[in-house]
Amino acid sequence: MLKKIFLIFLIFFSTTVFALEYVPYLQKGALIKVYAKTPVSTDSLEEGSIVYFISPVDLWILEQKAIEKGDIFYGYVDMLKMPTKGVNAALSIKIKKIVKLNGEIKDIEGTLIFPNGSKVLGGTLTNPESYNTAVHPRKVYGNIWGGTLQYVPSGEYQFGSHVGVQSRDSLLIRLDEDYQI
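Start counting the sequence shown at 549; every next residue gets the next number (this note's numbering).
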């Protein structure tokens, strides 16, 4: 009899103690649409520079607003590479804080995703300055002579250019950690 009472008490204790209220949150990997508050460009920023982004729409989780229209996201330039001969400039931004409309400041971990779908804007190769011709001789069926003439880059490339986004370009923030509302 004592074992049955102990078993009932154990089942009751384990179900009530661990039954916690559900707290809505945004999962890691969720995407949040934002706009840049000012134009973001590699020619006007340095590594560590603070940048701001604004949420253009409300984001709801169940029946609670997780992010309101007008919330401001604070970020910093994580990586910045200036243009060089053959390579365009590159830029990467991390998001650290969100300032709600009521003045509340919360920590948030995220990475900015640019319109090209990458977390790095730019860093692409530039066009070659000139091309050389390369002859690939080969025997063609029915001919004694034949071949292909191919244009190949000469090895000299144009100087890279600065990259950036305008203030009304649609950007995304990908969360790197869960965001508790």
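Ideal placement from N, C-alpha and C gives every residue a C-beta, glycine not left out. In this text, all values refer to a predicted model and were calculated from it rather than measured experimentally.
Selection from the options that minimises the alpha carbon distance to residue i
| i | options | result |
| --- | --- | --- |
| Gln612 | Val647, Pro572, Ser592, Tyr583 | Pro572 |
| Glu704 | Ser715, Asp717, Ile653, Thr632 | Thr632 |
| Ser702 | Glu677, Tyr689, Asp655, Arg716 | Glu677 |
| Ile641 | Leu719, Phe557, Leu550 | Leu719 |
| Gln728 | His710, Asn675, Ile646 | Ile646 |
Same chain, Cβ closer than 8 Å to residue i, neighbours up to 5 away in sequence not counted
| i | result |
| --- | --- |
| Val700 | Tyr679, Asn680, Thr681, Ala682 |
| Gln575 | Leu723, Asp726 |
| Glu595 | Val625, Asp626, Met627, Leu628 |
| Phe560 | none |
Residue span of the beta strand (DSSP E) that contains residue i, given as start and end
| i | result |
| --- | --- |
| Phe601 | 598 to 602 |
| Pro701 | 695 to 701 |
| Gln612 | 612 to 615 |
| Lys667 | Neither: Lys667 is in no beta strand (DSSP E) and is coded neither H nor E. |
| Ser640 | 638 to 647 |
| Asp606 | First-last for Asp606: undefined, no H or E at that position. |
| Gly623 | 620 to 629 |
| Lys581 | 579 to 584 |
| Tyr679 | 679 to 685 |
| Arg722 | 718 to 723 |
Nonlocal neighbours in the same chain, by C-beta distance under 7 Å from residue i, ignoring five residues either side
| i | result |
| --- | --- |
| Trp732 | The requested residue 732 does not occur in the structure, where the chain is confined to residues 549 to 729. |
| Gly577 | Arg722, Leu723 |
| Leu697 | Thr681, Val683 |
| Lys687 | Gly694 |
Buried or exposed by the 16-neighbour rule on C-beta atoms within 10 Å, applied to residue i
| i | result |
| --- | --- |
| Leu669 | buried |
| Gly623 | buried |
| Phe662 | buried |
| Pro606 | A small fix is needed here, since residue 606 is Asp in this sequence, not Pro. Counting Cβ neighbours within 10 Å, Asp606 comes out exposed, since fewer than 16 surround it. |
| Ile653 | exposed |
| Asn664 | exposed |
Which of helix, strand or coil DSSP assigns to residue i
| i | result |
| --- | --- |
| Ile729 | coil |
| Leu550 | helix |
| Phe662 | coil |
| Leu593 | coil |
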